[in-house]
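A.B. asks: I'd like to ask you about the structure that follows.
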Amino acid sequence: MLRVFKASGEEALAIEFQDFVNKQAEEPVRAIAVKRHLQHLCGQTRFKQRLVLPDGQMLLDDTVLDGPLDVQLILQAFEPSSRDQIAQLQEAACENKIAAMQQLLERPQDPDLELGERSPPALFFACHFGCTEAVRLLMEANADKNRAMNDGTTPLLVAIAEGHLEIVRLLLEADADKDAGDSYGRTPMFAASYYGHLEVLILLLEAEADKDAADTDGRTPIFAASQGGYAEVVRRLLEAKADKDRPDSYGRTPLFMASQQFHIDGNLTILQLLMEADANEDTPTLAA
598 MLRVFKASGE EALAIEFQDF VNKQAEEPVR AIAVKRHLQH LCGQTRFKQR
648 LVLPDGQMLL DDTVLDGPLD VQLILQAFEP SSRDQIAQLQ EAACENKIAA
698 MQQLLERPQD PDLELGERSP PALFFACHFG CTEAVRLLME ANADKNRAMN
748 DGTTPLLVAI AEGHLEIVRL LLEADADKDA GDSYGRTPMF AASYYGHLEV
798 LILLLEAEAD KDAADTDGRT PIFAASQGGY AEVVRRLLEA KADKDRPDSY
848 GRTPLFMASQ QFHIDGNLTI LQLLMEADAN EDTPTLAA
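Using this note's numbering, the first residue of the sequence shown is number 598, and each one after it goes up by one.
See below:
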């Protein structure tokens, strides 16, 4: 039997050892597997858990469990962090230095600490530089995936702007807000369209993100893609039944934008796509 007791003496987990082994994806079973299992029961990440044997010995994460045992679960609060320690986590996240990040998170250190608006939490840096494993580790440490900077930029928007597909996938799988926009109303779908990141856009469509959300100037994702000359993005949005005729705050439609910018590669194709989709050719424009 594998039994884990809280500091109060209450039983937090009791399971036949072999049943626990059978539930694991790999062997040998290590202490870290128990912590990950307990995370769903106690609501605290593995970084804040300490597993202690009856003789007072603490189990390290890589300790192999080779049979039934009783352990005590001790939950630790975040330790105070110096500016240097916060900066170290940010720098490690920038460079995908997992061992260094692990050491800091196990203090345990709050992953959401920042050093000011120009030095946001580590998750933003990992998303910007495309450090997938760093993002995965920070998510395991329960970093705030919906944290917004002063301008409303979220980790998801950062990853989309840089075109980091796997990080976008990780954030969406972790239920990051797929429609949260920045202070200009630019949502993840708008950002993917604006930057022409087709594969990211497909992920967002599969996640049922809002395909017609407009920014503060009234520009929709299909407007942004038409303006940027991203024909395949426009094609996907049309297939998803995006509003092809909605004008921006100046009365300009996606068709108008495509017709005004022949110098941009792809705009002739976009014109053809919009015309084939029966885009309204008579929409008035205040910009004319």
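We put the beta carbon where it would ideally sit given N, CA and C, even for glycine.
Excluding the 5 residues preceding and the 5 following A884 in the sequence, name in chain order all residues of the same chain whose CB lies nearer than 8 Å to its CB.
C.D. replies: Because A884 carries a pLDDT of 48, less than 50, the predicted location of this residue cannot be relied on, and no value is offered for it.
A.B. asks: Just tell me which of P717, A628, M698 has its CA closest to the CA of G749.
C.D. replies: Of P717, A628, M698, the residue nearest in Cα terms is P717.
A.B. asks: Counting Cβ pairs, one atom from each stretch, are 3 or more of them under 8 Å apart for the segment 651 to 665 and the segment 674 to 682?
C.D. replies: no
A.B. asks: Once DSSP output is grouped into helix, strand and coil, what is the label at V661?
C.D. replies: In this structure, V661 counts as strand in the three-state DSSP scheme.
A.B. asks: Looking only at its own chain, which residues have a Cβ that is under 8 Å from the Cβ of D659, when we skip the five neighbours before and after it?
C.D. replies: R627, A628, I629
A.B. asks: Might you give, ordered along the chain, the residues of its own chain that have their beta carbon closer than 7 Å to the beta carbon of L754, omitting 5 neighbours on each side?
C.D. replies: D779, P785, A788
A.B. asks: Relative to the C-alpha of P665, which candidate in I671, L650, A674, Q673 has its C-alpha closest?
C.D. replies: L650
A.B. asks: Using alpha carbons as the reference points, say which of D814, L599, P625, Q685 lies closest to D707.
C.D. replies: It is Q685 whose Cα lies nearest to the Cα of D707.
A.B. asks: Taking the continuous alpha helix (DSSP H) assigned at A723, which residues delimit it?
C.D. replies: Counting along the chain, A723 sits inside the alpha helix (DSSP H) bounded by residues 719 to 726.
A.B. asks: Taking 9 Å as the cut-off, decide whether the C-beta atoms of Y792 and G815 are in contact.
C.D. replies: no
A.B. asks: Please return the same chain residues whose Cβ sits closer than 6 Å to the Cβ of I867, not counting the five positions on each side in sequence.
C.D. replies: S823, A828, V831, A855
A.B. asks: Buried or exposed: where does Q673 fall if 16 or more other Cβ atoms within 10 Å of its Cβ makes it buried?
C.D. replies: exposed
A.B. asks: Quick check: what's the CA-CA separation for D663 versus N743?
C.D. replies: 40 Å
A.B. asks: Pick helix, strand or coil for A885, following the three-state DSSP scheme.
C.D. replies: Because A885 carries a pLDDT of 47, less than 50, the predicted location of this residue cannot be relied on, and the following value inherits that uncertainty. DSSP places A885 in coil when its eight states are reduced to three.
A.B. asks: Relative to the C-alpha of K775, which residue among A806, Q621, Y781, I799 is closest?
C.D. replies: A806
A.B. asks: What is the rounded straight-line gap between the Cα of I764 and the Cα of N693?
C.D. replies: 13 Å
A.B. asks: Identify which residue in Q621, Q687, I695, I612 has its Cα closest to the Cα of G713.
C.D. replies: Q687
A.B. asks: Measuring straight from C-alpha to C-alpha, what distance separates F726 and V661?
C.D. replies: 35 Å
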